[in-house]
Structures are given as structure tokens and as C-alpha cells.
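Step one of this worksheet: look at the structure below.
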Amino acid sequence: LMRALMMALLALLASAGHCRVGHASAHPHSLLVRAPVARRAPVARREIAAMAEEDVLHATVRWLPELGSEGPDDGSAGGEGVMTLPVFPLGGVCYLPFSSHVLNIFEPRYRSMYNDILMNGSRRFIVTMVDPASGRLAETGVIFYLDDLKEVSEQTGDAVKYVCSHSVIGRVEIERVLNPMAWFTRQTYIKARCRVLSEPSIVAAGATEAAEEAAPSAVEAEVRTAMSRVIELQAELNEAPRFTSAMKTALNVSRSDEDQAVWKMIGFWHALQERRLMLVQNRMQEDISRRVVDHFKSSGKPVQGQVRLDDLPADVRADLSRIQEGYRSQLEELAEAPYGEPFQLLLQARGHDERLALFLEMIQRESDRLGRRASLKKLFEIRERGAPTRPGLAPGMRTLSAKRRRSEPRAD
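Following our numbering from start to finish, the sequence shown increments by one per residue and tops out at 1893.
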């Protein structure tokens, strides 16, 4: 994996790839301090323990069977909330409810999909995560709603057909892919029968004001405490990127319609992880690029075309290996970056409390990481200052026992 990443970074030296998929988060980033270009919170014992017994905290992503392995569809499934929608799998990326994203459409099958959803007026399709190991689709996905579409064929020489803006308006559970062979032939897009997932509505129950005034549950209180601790540690360590102090007053994980308050906080966390990942990747890319460019400068050769790792001298390859090893621990710490499974677990969670329990585990692991960093920082500061003076003594003063030891004869 690290070798593949290095090869990709080396390829960027000669030319930048054309980004086909972009996104823009709907959550404001004003609560994040960007990078310039230790006490663990207690767990909500009873509620978390109960969820652990149900294996909530050890959940795994639910994947659909491999495409084409299910046999014929008898068409018997149906019921309230069941519908058929196009599916647009977007790799190992997990998208969250109440966010917004921009996609650049260039493949013929997805050009056709957009034409169809415009013609039938639905303007909706499913986006779901793909298991990189098996190619299976995640059972839980989100609904993209097409807000705006721009035809850019002329400007791009038909390399890109549409630039499309979307809002994520809900979650779905995919019951079955109806035309799985289309995934392999690539002649058209796949469609799936799905069931819309929804949270209990506090508005329907007439309990909006009561919910706002109610005391937070144990899990909600734990999430707020853990988040506050993370914000404090980030400020203490001058982390970049980090949350601003304003995040403390913005913390809200209470129950709301479709759990919007919780998804908003998860969105902030998602944005932070994304920025951290980009920062580490950029630093690694810069270090690798600098070493390779230095090599070509010293040898008097220009950098032309794609640089192959195997074409570099052994000493340069060794230096690049040391660079990647230096970044390995940081990349491992980013296991909860937005391109992994932890956010998919939040997406497939059955309800408010289960989702918060999973989110709390993510926050506490980050708190532990920052706590270890803070402890190391204090240790180094103590070593730099030297041995601490005993309380109550002016600098340079010695205790009486120390004076006596100095006056006593030495037994050499």
C-alpha cells in the first residue's frame, strides 16, 4: 500500500491528474483551525455496557452479497418506503446525510443515468460504499438529490459531460440490485430496490420543545465531555487542523428530526479528519518530491515525464523508504479518516443512541491519542528544564542535608 502511494506521488511530479469527483461539505468550516500552508472521559457505563452486550460497539459493515450471486428475483418484496433507484457506487468513500457534493460526470452509463433522472423528474439516486477487497456494495447508502447540473462538454472537449451539485437527503437500505450484470458489462448503470430509513420524528410526536428542554441522556453528556476534552487538548498542543474554541458552544448532539443535530456534529468531525488526511498526504508528497528533485538537480538531469521508482538510484530509493516509514504511524492514526469504514458504521446505525455510542468511541480514541502526545510534550519540557527545584526553595539554594553531605568527608 505504501509503495503504491509512493508511486502515485511520484507520478504527480510530472503532471497533475484531472480530478473527476469532487465534493463540498454542507457543514461550515469556520469551526476548524486549518494547518498553516490526559485524561480520558468516562464512559456512560450502563448505556454503553448494554450496547456492548448487543455487539453494537464491535459492529462490522454490512455488505450485500457479491453481485450476480443472489439468483432470480421473485419480485415479492415491497411495502411502505420501498422504491427502485439508480445506484452510483463511489469507491471506498462514505458520504453523510445533510452534506452537499459536486460530481464531474464523464462515463457514458452515468451520463445516461443523469439524463434519465432529469426526464422522469426524480432527480435522485443511491450512493453507496464499495468494499475494496471484494467489490461488494454496502447495504446502507445515502440518497443524492440533484440540485443543479451544468453542461460542460464544449469547455472540456467532451472529457466531462456534466458538473452536478447534490444534497444528501436521507439514508436507504438496499434490498437487492436488480440488474447486477450491468456492473460487469458497464453498458448501463445498475438499479436497486431499497427501503428508505428514517429516524423517529419528534415533530410528529409534538415534542420539539420538550426535547430541547430535556436533560441530555448519559451518552449525549459523554459525547459533549469527550468533545470538549479533545478541543482543549488540540489547543494545548496547537494541533493543525483543529477545532476552534467556538465549537464548545456549538456542541449539540441532542435528538432532532432525522438526527440532524448529531449528523451535523459528525460532519464537523468528518471535515477535521479529511483535513488531517490531506495535510499528511501533502507533507509526504512534498518530502518525496523534494528528495527526487534534489536528485535530478545534483545529477544535472531534468525531470521529464513520469518518474518510475525502479529507475531511481538505490540511495534515493532508500531515502524515500525512510520518508514513508516516517509517515507510517501518522497514516495509521488516520484509520478513521472519511475514506474508511468507521463512518459507514455510523451511517448504518439503527438509531440515535447506537450512533452516538459509536461516535463516542471515535472521539475517545482521538482523545487518547492527543493525551499521549500531551504527556510526551510535558516530559520533554521537564527534561529541557532539568531537574525541578524543590518547592519553597529559591533557585540555587541547597537543602540542609545537601550542605551536610558536602561537608562530610568522602570515603574514597
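Glycine included, each C-beta is placed from N, C-alpha and C at the ideal position.
TODO: Excluding the 5 residues preceding and the 5 following S1634 in the sequence, name in chain order all residues of the same chain whose CB lies nearer than 6 Å to its CB.
DONE: K1642
Open item on the list: Taking the straight line between their C-alpha atoms, what separation do you get for K1778 and C1575?
Closed with: 42 Å
TODO: Label K1745 either buried or exposed according to how many other C-beta atoms from any shown protein chain fall within 10 Å of its C-beta, with 16 as the threshold for buried.
DONE: buried
TODO: Please go through the stretch 1561-1631 and give each complete beta strand (DSSP E) segment of 3 or more residues, from N-terminal end onward.
DONE: 1563-1568, 1581-1586, 1605-1608
Open item on the list: Please state whether the Cβ-Cβ distance between C1471 and Y1595 is less than 8 Å.
Closed with: With the chain covering only 1482 through 1893, there is no way to say anything about residue 1471.
Open item on the list: Using only the alpha-carbon positions, how far apart do Q1659 and S1593 sit?
Closed with: According to the sequence provided, residue 1659 is Leu. The question's Gln does not apply to it. So the two alpha carbons sit approximately 17 Å from each other.
Open item on the list: If I follow the unbroken beta strand (DSSP E) through E1654, where does it start and stop?
Closed with: 1643-1658
Open item on the list: Going by C-alpha to C-alpha distance, which of A1640, V1563, W1664, G1602 sits closest to L1571?
Closed with: W1664
Open item on the list: Could you compute how far the alpha carbon of E1720 sits from the alpha carbon of Q1762?
Closed with: About 16 Å.
Open item on the list: Taking the alpha-carbon of M1728 as reference, which of E1713, V1797, F1861 has the nearest alpha-carbon?
Closed with: Nearest C-alpha to M1728: E1713.
- [ ] Could you give the DSSP three-state label for A1640: helix, strand or coil?
- [x] coil
Open item on the list: I'd like to check one pair, G1651 with V1611: are the Cβ atoms closer than 8 Å?
Closed with: With a cutoff of 8 Å on beta-carbon distance, V1611 and G1651 are scored as not near each other.
TODO: For Q1636, count neighbouring Cβ atoms within 10 angstroms of its own Cβ and tell me buried if that reaches 16, exposed if not.
DONE: exposed
Task: Terminal residues of the alpha helix (DSSP H) in which A1707 lies - done: Segment 1699-1718, the alpha helix (DSSP H) holding A1707.
- [ ] Look up W1744 in the DSSP assignment and give the residues it is bridged to.
- [x] DSSP, once it has assigned bridges, lists no residue as partnering W1744.
Open item on the list: Taking a contact to mean a Cβ-Cβ separation below 8 Å, would you say F1606 touches F1625 in this structure?
Closed with: Less than 8 Å separates the beta-carbon of F1606 from that of F1625.
Task: Cα-Cα separation, V1502 to L1584 - done: Unreliable positioning characterises V1502 in this predicted model, as indicated by a pLDDT of 48, which lies under 50. A coordinate reading is not provided.
- [ ] May I ask which residues mark the beginning and end of the beta strand (DSSP E) holding L1828?
- [x] Where L1828 is concerned, there is no enclosing beta strand (DSSP E), although the alpha helix (DSSP H) it sits in stretches over 1823-1829.
Task: Cβ-Cβ distance between L1566 and K1672 below 8 Å - done: yes
Task: Backbone secondary structure at K1782 - three-state DSSP - done: coil
Open item on the list: Looking at the secondary structure, which residues open and close the alpha helix (DSSP H) in which A1673 lies?
Closed with: That residue, A1673, is in no alpha helix (DSSP H); its beta strand (DSSP E) goes 1671-1678.
TODO: Just the C-alpha distance for D1768 and I1804, rounded to the nearest angstrom, thanks.
DONE: 7 Å
Task: Residue range of the alpha helix (DSSP H) that includes D1791 - done: Per DSSP, D1791 belongs to no alpha helix (DSSP H) and is neither H nor E.
TODO: State the Cα-Cα distance for the pair L1860 and R1853, rounded to the nearest angstrom.
DONE: 11 Å
Open item on the list: Just verifying my parser: in three-state terms, what is the DSSP assignment at G1867?
Closed with: coil
- [ ] Tell whether a beta-carbon distance below 8 Å holds between Q1825 and A1619.
- [x] yes
Task: Residue nearest to R1723 in terms of C-alpha spacing, selected from A1752, V1653, T1730, E1739 - done: When only C-alpha atoms are compared, the closest one is A1752.
TODO: Please classify E1551: is it buried, with 16 or more other beta-carbons within 10 angstroms of its beta-carbon, or exposed?
DONE: exposed
Open item on the list: With the cut-off set at 8 Å, would you say H1776 and V1743 are in Cβ contact?
Closed with: It is not a contact, given that the beta carbons lie outside the stated cut-off.
Open item on the list: Rounding to the nearest angstrom, what Cα-Cα distance links R1657 and L1545 in this structure?
Closed with: 8 Å
Task: Neighbour-count burial assignment, M1843, 16 or more Cβ in a 10 Å radius - done: With at least 16 other beta carbons inside 10 angstroms of its own, M1843 counts as buried.
Task: Residues bridged to W1750 (per DSSP) - done: Paired residue(s): none; W1750 is not in a bridge.
Task: The alpha helix (DSSP H) enclosing T1666, as first and last residue numbers - done: First-last of the alpha helix (DSSP H) with T1666: 1662-1666.
Open item on the list: Using CA atoms only, rank isn't needed, just tell me which of H1582, G1867, L1837, G1573 is closest to M1708.
Closed with: L1837
- [ ] Mark S1737 as exposed unless 16 or more other C-beta atoms lie within 10 angstroms of its C-beta, in which case mark it buried.
- [x] buried
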